[in-house]
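Working notes for the structure below.
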Amino acid sequence: MKLSGKTEVYGVIGYPVKHSLSPPMQTKAFQSLGIDAVYVPFEVKPERIKEAAEGLRALNIKGVNVTVPHKEKIAELVDYLSEDAEFLGAVNVVKNVDGELHGYNTDVDGFLQSLLDEGVEIEGKRVTMFGAGGAARAVGYAVLKAGAKFLNIVNRNFSRGKEVGELLGKRGNVLVFPLKDGTVSTLLKDTDIIINTTSVGMKPDDPPLFDYSLIPEGITVVDIIYNPPETPLLEAAKKKGCKTINGLGMLLWQGAFAFEIWTGRRAPVDVMRKVLEEELYG
Ligand SMILES: NC(=O)c1ccc[n+]([C@@H]2O[C@H](COP(=O)([O-])OP(=O)(O)OC[C@H]3O[C@@H](n4cnc5c(N)ncnc54)[C@H](OP(=O)(O)O)[C@@H]3O)[C@@H](O)[C@H]2O)c1
Numbered sequence: 510m511k512l513s514g515k516t517e518v519y520g521v522i523g524y525p526v527k528h529s530l531s532p533p534m535q536t537k538a539f540q541s542l543g544i545d546a547v548y549v550p551f552e553v554k555p556e557r558i559k560e561a562a563e564g565l566r567a568l569n570i571k572g573v574n575v576t577v578p579h580k581e582k583i584a585e586l587v588d589y590l591s592e593d594a595e596f597l598g599a600v601n602v603v604k605n606v607d608g609e610l611h612g613y614n615t616d617v618d619g620f621l622q623s624l625l626d627e628g629v630e631i632e633g634k635r636v637t638m639f640g641a642g643g644a645a646r647a648v649g650y651a652v653l654k655a656g657a658k659f660l661n662i663v664n665r666n667f668s669r670g671k672e673v674g675e676l677l678g679k680r681g682n683v684l685v686f687p688l689k690d691g692t693v694s695t696l697l698k699d700t701d702i703i704i705n706t707t708s709v710g711m712k713p714d715d716p717p718l719f720d721y722s723l724i725p726e727g728i729t730v731v732d733i734i735y736n737p738p739e740t741p742l743l744e745a746a747k748k749k750g751c752k753t754i755n756g757l758g759m760l761l762w763q764g765a766f767a768f769e770i771w772t773g774r775r776a777p778v779d780v781m782r783k784v785l786e787e788e789l790y791g
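Just so you know, we're using the numbering used here here: the sequence shown kicks off at 510 and counts up by one.
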């Protein structure tokens, strides 16, 4: 790889950021298309995000991904917001256009594309989503944007669920429920797609989110966790003959769409997927 005075700089802003898979994925994408650019991690403490945004302009950094905990704050610091980013008040991609910062949220279309890749359409479907954190906002909004018949939000902390329900309710039919097996049992009888956006299933000793014997046969079950590739939820769903999708596709496509926003070129998705698979699963 040859750097020059013309080499463009991209990166990811987060705290922490050491675990990020974006540097290897985006670097390989730039290299595979012969684009003269580098992609580096920027660990930015929460209290310094404003200076970091100014730094992007001052240093003419061409674009960044933005991850936890900066997605909401950066949305207040950019000069332009895409429709999705504005609705969510969260930005995961910034493009520097001659010193103007443009904010996007590619988690939304990234999630939808990961389902389309597997032939899953959301329009008219009855969806039950577990979780009400940052990821749930983007995923729930995506589901409504794609025309779901309704969205049930189930969260352990009911008031947090209500907050997300209030926001997403502006976009479609949304009901919020507490995380109780009795409630889940009733909801799942009228569900076509289950989505887990909680972190339950990342650790091997996590207790199940709900009684997985309640999963209806043959529906679609999505878990946005990508490591492990098959969470206990997906394992149980597979045994019930369900179509199962993990979070690798969402991770991949949010990055691919970021690449396309920055470069105007079609992202080398196969190359990027291979990097993620190697980094995650060896
Ligand atoms: N595939 C991708 O591209 C992608 C992108 C973003 C995130 N993710 C994954 O999505 C997950 C959530 O991320 P996030 O940023 O949304 O996190 P977050 O904002 O911290 O939200 C965590 C969610 O998990 C729930 N939760 C945590 N422990 C629980 C437990 N023991 N029982 C029941 N619910 C529990 C929380 O419920 P309470 O509100 O009740 O605490 C909350 O709804 C993570 O696993 C992350 O890796 C994947």
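All C-beta atoms in this analysis are idealised placements derived from N, C-alpha and C, irrespective of residue type, glycine included.
### Message
One question on the structure: do F766 and T637 come within less than 8 Å of each other, judged by their Cβ atoms?
### Response
Not a contact, by the Cβ cut-off of 8 Å.
### Query
Per DSSP, which one or two residues make a beta bridge with M534?
DSSP lists no bridge partner for M534.
### Message
Taking DSSP's pairing of strands, which residues face V730 in a bridge?
### Response
BP columns for V730 point to I703 and T753.
### Query
Looking only at its own chain, which residues have a Cβ that is under 7 Å from the Cβ of F539, when we skip the five neighbours before and after it?
The beta carbon of F539 is closer than 7 Å to those of A546 and Y548 in its chain, skipping five residues each way along the sequence.
### Query
Got a sec, what are the start and stop residues for the alpha helix (DSSP H) I488 sits in?
For the chain, the structure presents residues 510 to 791; residue 488 sits outside this window and is missing.
### Query
I704 and I724 look like a contact to me (Cβ under 8 Å); what is the Cβ gap, rounded to whole Å?
Their Cβ separation, rounded to whole angstroms, is 12 Å, which puts I704 and I724 out of contact at 8 Å.
### Query
Alpha carbon to alpha carbon, what distance is there between P713 and Y721?
So the alpha carbons of these two residues sit roughly 16 Å apart.
#### Entry: V606, buried or exposed, once every other Cβ within 10 Å from all chains shown has been counted against 16
Exposed.
### Message
Give me the DSSP bridge partner(s) of K604.
### Response
Beta-bridge pairing links K604 to G572 and H611.
### Task
Return the CA-CA distance between A651 and E563, expressed in angstroms with no decimal places.
Rounded to the nearest angstrom, the two C-alpha atoms are 30 Å apart.
### Task
Compute the minimum distance between the beta carbon of T753 and the heavy atoms of ligand 1, and state whether it is under 7 Å.
Not so, every heavy atom of ligand 1 lies at least 7 Å from the Cβ.
### Task
Check A657 in the structure and name its three-state DSSP category.
Coil, per DSSP.
### Task
Give a single yes or no on whether G656 has its beta carbon closer than 7 Å to a heavy atom of ligand 1.
Not a single heavy atom of ligand 1 lies less than 7 Å from the C-beta of G656.
### Query
With a CB to CB cut of under 8 Å and the five nearest residues on each side skipped, what residues in its chain are close to P741?
Same-chain partners within the cutoff: G710, D715, P717 and Y721.
### Task
Take every Cβ of the segment 652–662, pair it with every Cβ of the segment 671–689, and state whether three or more of those distances are shorter than 8 Å.
Touching, yes.
### Task
Under 7 Å Cβ to Cβ from A594, same chain only, skipping five residues before and after it: list those, please.
Sequence-distant partners of A594 (beyond 5 residues in either direction) whose C-beta falls short of 7 Å from its own C-beta, in its chain, are A584, V600, G612, Y613 and N614.
### Task
Kindly indicate which residue of V629, E592, K604 and K634 has the alpha-carbon position closest to the one of V617.
It is E592.
### Query
How about G523: is its Cβ closer than 7 Å to a heavy atom in ligand 1?
Shortest gap from the CB of G523 to any heavy atom of ligand 1: 7 Å or more.
### Query
How close, in whole Å, do the beta carbons of L677 and G640 come, if the pair is a contact with beta carbons under 8 Å?
Not really, about 12 Å apart at Cβ, beyond 8 Å.
### Query
A644 by DSSP, collapsed to three states: which one?
Residue state, collapsed to three classes: helix.
### Task
Note down the Cα distance separating A498 from T707, rounded to an integer number of angstroms.
What is shown of the chain runs 510 to 791, which leaves residue 498 out entirely.
### Supposed close pair K752, V629 - CB separation, criterion 8 Å
Rounded to the nearest angstrom, the Cβ distance from K752 to V629 is 7 Å, consistent with a contact under 8 Å.
#### Entry: M510 - DSSP class collapsed to helix/strand/coil
Assigned with DSSP and collapsed to three states, M510 falls in coil, not helix or strand.
### Task
Starting from P687, follow its DSSP beta bridges and name the residues at the other end.
P687 is bridged to N664.
#### Entry: E552: first and last residue of the uninterrupted beta strand (DSSP E) it sits in
Looking at the DSSP string, the run of the beta strand (DSSP E) that includes E552 is A546 to E552.
### Query
Which one of L597, K571 and K559 has the shortest CA to CA distance from L586?
Of the listed residues, the one whose Cα sits closest to L586 is K559.
### Message
DSSP has G520 in a bridge; who is on the other side?
### Response
Note: G520 sits in a beta bridge opposite V549 and V573.
### Query
What's the gap between the Cα of E726 and the Cα of P738?
Roughly 21 Å separates the two Cα atoms.
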